[in-house]
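Some notes on the structure that comes next.
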Amino acid sequence: MGVLLQVKDLATQFFTQEGVVKAVDGITYDVEEGETLGLVGESGCGKSVSAMSLLRLIPNPPGRIVRGEVLFDGEDLVKVDEARLREIRGNKIGMIFQEPMTSLNPVLTIGRQLTEALELHLGMDRNAANKRAAELLHMVGIPEAETRLSDYPHQFSGGMRQRVMIAIGLSCNPRLLLADEPTTALDVTIQAQILELIKRLSRELGTSVILITHNLGVVARYADRVNVMYAGRIIETGTARDIYGLPRHPYTLGLLKSVPRLDQAMKEKLDPIEGLPPDLIDLPPGCPFRPRCKFTIDKCAVEYPPLITVGENHRAACWVDVTTGQAR
Amino acid sequence: MTITGSNITTTNANDDILLDVRDLTMFFPVTRGIIFERKVADVKAVDHISFTVKRGETLGLVGESGCGKTTTGRAILQLYKPTDGQVLFQDDDEGNFIDLTKIKGERMRRMRRKMQIIFQDPYGSLNPRMSCGSIVGEPLTIHGLAKGKEYRDRVEELLTIVGLHPYFASRYPHEFSGGQRQRIGIARALAASPSFIVCDEPVSALDVSIQAQIINLLEELQARFGLTYLFIAHDLSVVRHISDRVAVMYLGKIAEITDRVELYENPLHPYTKALLSAVPIPDPVVEATRERIILQGDVPSPLHPPSGCNFHPRCPIALVPGVCNEVMPEFRNVGTADNPHFVACHRV
Chain A
-17 MGVLLQVKDL ATQFFTQEGV VKAVDGITYD VEEGETLGLV GESGCGKSVS AMSLLRLIPN
43 PPGRIVRGEV LFDGEDLVKV DEARLREIRG NKIGMIFQEP MTSLNPVLTI GRQLTEALEL
103 HLGMDRNAAN KRAAELLHMV GIPEAETRLS DYPHQFSGGM RQRVMIAIGL SCNPRLLLAD
163 EPTTALDVTI QAQILELIKR LSRELGTSVI LITHNLGVVA RYADRVNVMY AGRIIETGTA
223 RDIYGLPRHP YTLGLLKSVP RLDQAMKEKL DPIEGLPPDL IDLPPGCPFR PRCKFTIDKC
283 AVEYPPLITV GENHRAACWV DVTTGQAR
Chain B
13 MTITGSNITT TNANDDILLD VRDLTMFFPV TRGIIFERKV ADVKAVDHIS FTVKRGETLG
73 LVGESGCGKT TTGRAILQLY KPTDGQVLFQ DDDEGNFIDL TKIKGERMRR MRRKMQIIFQ
133 DPYGSLNPRM SCGSIVGEPL TIHGLAKGKE YRDRVEELLT IVGLHPYFAS RYPHEFSGGQ
193 RQRIGIARAL AASPSFIVCD EPVSALDVSI QAQIINLLEE LQARFGLTYL FIAHDLSVVR
253 HISDRVAVMY LGKIAEITDR VELYENPLHP YTKALLSAVP IPDPVVEATR ERIILQGDVP
313 SPLHPPSGCN FHPRCPIALV PGVCNEVMPE FRNVGTADNP HFVACHRV
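So the protein sequences, as listed, match chains A and B.
Here the first sequence stands for residues -17 to 310, numbered as in the numbering used here.
Here the second sequence stands for residues 13 to 360, numbered as in the numbering used here.
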């Protein structure tokens, strides 16, 4: 399997009246063909902005990609012109947005929203596109697909709208699917349906998936590899098994400890991570997690830790070895 | 006072019951026409549910969106006027039960001091034009509990109790983060020294690392002030952690209610089983071997709930023809009198 996407030192900043928000501050990662990469973190950690930046979907102003490369099939998406980018968006890279309620156009039929990409990217005529659209709706499990093509989004439930979003995202057989919190607004039973669907389709079609979510359970089940983000940077990266079985960054460790789990004995008390996430405008020098961290040493206040190799394909950005509590 | 309706005691028979809900029903009319307005249908948000809550416990209420769990909480507090049924609340002063659906005016206002609510959305539930101190102190003024220095001291005390600095009193909601706002909401709920609090999804809008802080706070407050909670949530792991007993709702009805250990280890209703199996566990090793029950389809509209058992169109085991789809299952105790386990399913 080859590398499909290479992100190198990508940084996106928002220039606001209060100051410069470093939403994504130099992240580097690869996505291999056919794999599912999980991107986890809390709100404001930069996970959505980093995904939007891949397709240059950041509103400018106030946002701007200030440095870095996004190599997709050898082509740098940060540098290509707008016309070329439009050929890639929705075609080679599909996207599923967070809110199924608001990301479909309410005044266009479901059929029209599906056929738009087919006609634009694959050059199909109206009839062929309609036929393909019905197939896609059928594929994502919407009954009576042909008749429902002429329905409008408000006639669909939340789960069905999210299925339509998946159908649109996959309509042109993309090589990469960006799924930004695809199930956050949905109930658990519907969430299970949707995630199983994404997993099955990505296997069948060989699509790589970047799955962005704050839900640690979702990533555990569906991702092969995981990047954990905090304050605009990747602070730990590794296979799902390593990240969950042997977390090596205090933040990952804290996150996993703070959630109650269905399969474990009940605890008297939860262990929360104390304090609040930092303000991205005014980041202190050193490690941004330091004010909330239980393992701090003097060096943490001075220098930002790089990603240090802690195991095979497992790296963490921390000066301290959390298994011993000693400096590395 | 006469007490009618089905008497379903879902708690242990000897318990000190604080709240006894009987046949609670909340229908929202759907109307047509402007001048000659006529009712064309009912949205059956909550449909004849009965349960009891004992003093000092936490009853978790779980279900998917639209199942009526929030409406249940609000109908208990009489924020909606229930269509039918009784809400019997034990009055501390007299020791007997008062039917909240029958009282109004000054008597209702006095009862409201004893029952409060914490809302889901910490951004929408605080008035942006009021300072944090006046939000927390408003119940004190409304119920005439404190004035002057006593008022200021009490506000300071409340803020300290929920882990905020007393000098935050002069700040406005927009200056606070989501978790801090939720703390203000909790301080406001505590102001009138209630005995019962409805927690309506108090942590679902918060980040994972902050959720644990708020859950711990709620538990500390319960132990300190002897509070009784109705904890409404859709996150089954959180509910398992905080609740003593759990009720599972589906489409306006309670499907199953029992002790939390029993519910999570021995779920009987097929909906409860599916719900539990759908919750992802943050451990890839466990997930790789876990069996899942994936329910087909969506929750039906409460405007036209299915006949018979309302879960039968999605139920993986609804096999009894002429029964599951025609006869409404009885909500019955399949456990013991000491450890009740109520479930509404023909096949159990």
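Every residue, glycine too, gets a C-beta built ideally from N, C-alpha and C.
Contacts between VAL298 of chain B and chain A, judged by CB atoms closer than 7 Å, involve ASP245 in chain order.
Taken in chain order, the complete beta strand (DSSP E) segments of 3 residues or longer contained in the segment 211 to 278 of chain A are 215 to 221. Within the same chain, and ignoring the five residues on either side of ILE263 of chain A in sequence, the residues whose Cβ sits closer than 6 Å to its Cβ are GLU0, GLY1 and VAL3. By the rule that beta-carbons nearer than 7 Å mark a contact, GLY141 of chain A touches chain B.
Taking C-beta atoms as the reference points, HIS324 of chain B and ASN345 of chain B fail to come closer than 7 Å.
If you ignore the 5 residues before and after GLN102 of chain B, its C-beta comes within less than 6 Å of the C-beta of LEU30 and PHE109, all in its own chain and listed in chain order.
What TYR226 of chain A touches in chain B, judged by beta-carbon distance under 7 Å, is PRO294, ASP295 and PRO296, going in chain order. In the DSSP annotation of this structure, the continuous segment of the alpha helix (DSSP H) that includes ASP165 of chain B starts and ends at 160 to 173.
Pairing ALA99 of chain A with LEU187 of chain A, the inter-Cα distance amounts to about 18 Å. Residue nearest to GLY191 of chain B within the set B:ALA330, B:PRO328, B:THR240 and B:ASP219 is B:ASP219 (criterion: CA-CA distance).
In the DSSP assignment, ARG67 of chain B is bridged to no other residue.
Close to chain A, meaning a Cβ-Cβ distance shorter than 8 Å, are the following residues of the segment 76 to 94 of chain B: GLU76 and SER77. Bounds of any beta strand (DSSP E) do not take in MET106 of chain A, whose DSSP letter is neither H nor E. Residues of chain B with a Cβ closer than 9 Å to the Cβ of THR291 of chain A do not exist; the shortest Cβ-Cβ separation is about 21 Å. C-alpha of VAL339 of chain B to C-alpha of ARG164 of chain B: approximately 59 Å in a straight line. By the beta-carbon neighbour count (other beta carbons within 10 angstroms, threshold 16), VAL42 of chain B is exposed. Interface annotation, LEU230 of chain B: not in contact with chain A, CB-CB separation never under 7 Å. The beta-bridge partner set that DSSP reports for VAL55 of chain B consists of B:PHE40.
Inter-segment contact for the segment 278 to 285 of chain B and the segment 252 to 262 of chain A is absent: fewer than three beta-carbon pairs are separated by less than 8 Å.
In chain order, LEU(-14), LEU(-13), LEU19 and SER190 place their CB closer than 6 Å to the CB of VAL13 of chain A, counting only its own chain and leaving out the 5 sequence neighbours on each side. Close partners of ARG223 of chain A in chain B (Cβ separation under 8 Å): PRO296 and VAL297. Cβ atoms of ALA161 of chain A and ILE180 of chain A come within 8 Å of each other, at about 6 Å. Assignment of PHE343 of chain B by DSSP, reduced to helix, strand and coil, places it in the coil class. Inside the segment 233 to 266 of chain B, DSSP marks whole alpha helix (DSSP H) runs of 4 or more residues at positions 248 to 254, from first to last along the chain. Secondary structure of LEU53 of chain A (DSSP, three-state): strand.
For ALA286 of chain B, the chain A residues whose C-beta falls within less than 7 Å of its own C-beta are THR171, listed in chain order. Comparing alpha-carbon positions, the option among B:MET120, B:ARG141, B:ARG67 and B:LYS81 lying closest to ALA245 of chain B turns out to be B:LYS81.
Around HIS253 of chain B, the beta-carbon contacts reaching into chain A at under 8 Å are PRO242, MET248, LYS249 and LEU252. Chain order gives no chain A residues near ILE209 of chain B, where near means a beta carbon separation below 8 Å; the closest approach is about 19 Å. For GLY199 of chain A, at least one C-beta of chain B is nearer than 7 Å to its own C-beta.
LEU(-14) of chain A: member of the beta strand (DSSP E) spanning -15 to -2, first to last residue. In the three-state reduction of the DSSP assignment, ASN228 of chain B falls in the helix class. Shown in chain order are the members of the segment 241 to 267 of chain B whose Cβ falls below 8 Å from a Cβ of chain A: HIS246, LEU248, SER249, VAL250, ARG252 and HIS253.
With a 10 Å radius around the Cβ and a threshold of 16 neighbouring Cβ atoms, LYS265 of chain B comes out buried.
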